[in-house]
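**Q** Just passing along the structure, written as structure tokens.
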Amino acid sequence: MRRIESRAPGGPETLVLADAARPEPQGDEVVIDVAFCGINYPDVLIIEDRYQIRPPRPFAPGSEVSGVVSAVGPDVKHLNVGDRVMAAMASGGLAEQVATPERFCVRLPPAMPMDEAGAFLMTYGTSFFALSDRGRLKAGETLLVLGAAGGVGLAAVQIGKAMGARVVAAASSEDKLGAARAGGADAGVLYPTGALDMDGAQAFGAALKAALGAGGADVIYDPIGGALTEPALRAIGWRGRYLVVGFAGGVPNPPLNLALLKQCEIVGVWWGAHVDREPDTHQASMQALFDLYAQGRLKPLISARYDLEDAPAAIQALSERRVLGKVVVTVSGVN
């Protein structure tokens, strides 16, 4: 089979298209013939050895796929050859076949096409877990989403609206704010690109407070981190919940006295560990997401598609923050 391989730490330019042995399912694993692979920010980090998981090289990046089950291990209980599935894994998705444990797979709704399925699981799964479980978002509350036009951010906008929240989107360009508004955001705030000095941070914080209103944000969804965290945290409301989702802008060092002054919670969100440790809850969450999808309230924005041999360019586009919503790599393209 063909796959994209990382053979040494580095950027997308270090990736190569290679031949590899077809995986054989072990224990509770299934083998999936990959139709589409969604590209996510962990793919940028994992090839540079900056992610919390470091698979042995050579490996294929790619952490979510859609496709058809082509083989099952002896301990698989629920899936069968021929099932249409979406699946998550630490790595391996940028390949014609991938093996992953059954608990990381979800059967597709009949009406969901494979390309949307390849862009759904990680972003919507992460955002639903964050807002419903970790953030306890309620109808009528105010949700602030940073990075609101990226994969997880746009999913958070859509899910927040479906849960009945007022959603304020923050993004780095008018095009990105337009995508967030199209996804349901009620208001938008621009933040500056590049280094954020003290004056810029104060201006961003003032714009946030104006958009959020006197009560501030009940829940803040932050996949960016870096210099945006402190001004966002200053805009949180009394007993708010600050969701730490990722660090696309770097790991922040917020002044923790703000948590005391606002009586707020700073809450970690690691969806992959949740799936591994709480598979039954994960499956129930996916059914809730599929119900919202069937109602037309959730829909992935796929802004670009790449062929397998061009997958490094897809990762490069994500690393340079040129992506609206999601990009997917077409492997077989089967629907």
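Oh and the sequence shown: position 22 is 21 in numbering that gives the first Met the number 0, straight run, nothing missing.
We put the beta carbon where it would ideally sit given N, CA and C, even for glycine.
Just so we're clear, the structure is a prediction, and the values are computed from it rather than from any experiment.
Using the C-alpha atoms, what's the distance from residue 0 back to residue 16?
**A** Rounded to whole angstroms, residue 16 to residue 0 spans 11 Å at the Cα level.
**Q** In this structure, what does DSSP give as the bridge partners for residue 96?
**A** For residue 96, which the question treats as bridged, DSSP gives the partners 32.
**Q** Tell me, which residues are paired with residue 325 by DSSP?
**A** According to DSSP, which records beta bridges pairwise, residue 325 is partnered with 301.
**Q** At what residue ranges does the stretch 92–173 contain a whole run of the alpha helix (DSSP H), taking only runs of 4 or more?
**A** You should have 113–116, 120–127 and 150–161.
**Q** If we ignore side chains and look at the alpha-carbon of each, how far apart do residue 94 and residue 188 end up?
**A** Distance between the alpha carbons of residue 94 and residue 188: 39 Å.
**Q** Can the beta-carbon of residue 59 be found closer than 9 Å to that of residue 4?
**A** Contact flag set, yes.
**Q** Is residue 161 closer than 9 Å to residue 297 when the C-beta atoms are compared?
**A** Yes, Cβ-Cβ distance for residue 297 and residue 161 is below 9 Å.
**Q** Just how far apart, CA to CA, sit residue 56 and residue 6?
**A** Cα to Cα, the separation comes out at about 6 Å.
**Q** Identify, in the order they occur along the chain, each residue of the same chain with its Cβ nearer than 8 Å to the Cβ of residue 311, setting aside the five sequence neighbours on each side.
**A** Answer for residue 311: 3, 11, 12 and 14, listed in chain order.
**Q** Measure the C-alpha to C-alpha separation of residue 303 and residue 326 and round it to an integer number of angstroms.
**A** Distance between the alpha carbons of residue 303 and residue 326: 5 Å.
**Q** Can you tell me which of the three DSSP states residue 87 falls into?
**A** Three-state DSSP puts residue 87 in a strand.
**Q** Decide if the stretch 212–222 is in contact with the stretch 234–252; the criterion is three or more beta carbon pairs, one per stretch, under 8 Å apart.
**A** A contact exists between the stretch 212–222 and the stretch 234–252.
**Q** On the three-state DSSP scale, how would you describe residue 58?
**A** DSSP places residue 58 in strand when its eight states are reduced to three.
**Q** Restricting to runs no shorter than 3 residues, where is the beta strand (DSSP E) found entirely within the stretch 253–321?
**A** Taking only runs of at least 3 residues, the beta strand (DSSP E) segments lying wholly in the stretch 253–321 are 264–267 and 301–306.
**Q** DSSP three-state call for residue 23: helix, strand or coil?
**A** Coil, per DSSP.
**Q** For residue 167 versus residue 121, is the C-beta spacing smaller than 9 Å?
**A** Contact: no.
**Q** Any contact of the stretch 284–293 with the stretch 250–263, i.e. 3+ C-beta pairs under 8 Å?
**A** The stretch 284–293 is not in contact with the stretch 250–263.
**Q** Helix, strand or coil for residue 243 per DSSP?
**A** DSSP places residue 243 in strand when its eight states are reduced to three.
**Q** For residue 247, which of 75, 307, 147 and 118 has the nearest alpha-carbon?
**A** Taking only the C-alpha atoms, the option nearest residue 247 is 147.
**Q** List the endpoints of the continuous alpha helix (DSSP H) containing residue 338.
**A** Nothing can be reported for residue 338: it is not among the residues displayed for the chain, which extend from 0 to 334.
**Q** Does the contact criterion of 3 or more C-beta pairs under 8 Å hold for the stretch 66–75 versus the stretch 38–48?
**A** Too few Cβ pairs lie closer than 8 Å, so no.
**Q** What residues in its chain sit with their C-beta under 8 Å from that of residue 78, if we drop five residues either side in the sequence?
**A** These residues qualify, in order along the chain: 29, 68, 71, 84, 101, 104 and 106.
**Q** Got a sec, what are the start and stop residues for the alpha helix (DSSP H) residue 45 sits in?
**A** Here the alpha helix (DSSP H) through residue 45 covers 40–45.
**Q** Verify whether the separation of the beta carbon atoms of residue 306 and residue 328 is less than 9 Å.
**A** Yes.
**Q** Take residue 88 and list the residues in its own chain whose beta-carbon comes closer than 7 Å to its own, dropping the five residues that flank it on each side.
**A** Answer for residue 88: 62, 97, 99 and 103, listed in chain order.
**Q** Could you pull the start and end residues of the alpha helix (DSSP H) that residue 202 belongs to?
**A** Element bounds for residue 202: 197–211.
**Q** Are the CB atoms of residue 251 and residue 228 nearer to each other than 9 Å?
**A** In contact: residue 251 and residue 228 (Cβ atoms closer than 9 Å).
**Q** When we look at the beta-carbon of residue 141 and count the other beta-carbons within 10 Å, is it buried (16 or more) or exposed?
**A** Label assigned to residue 141: buried.
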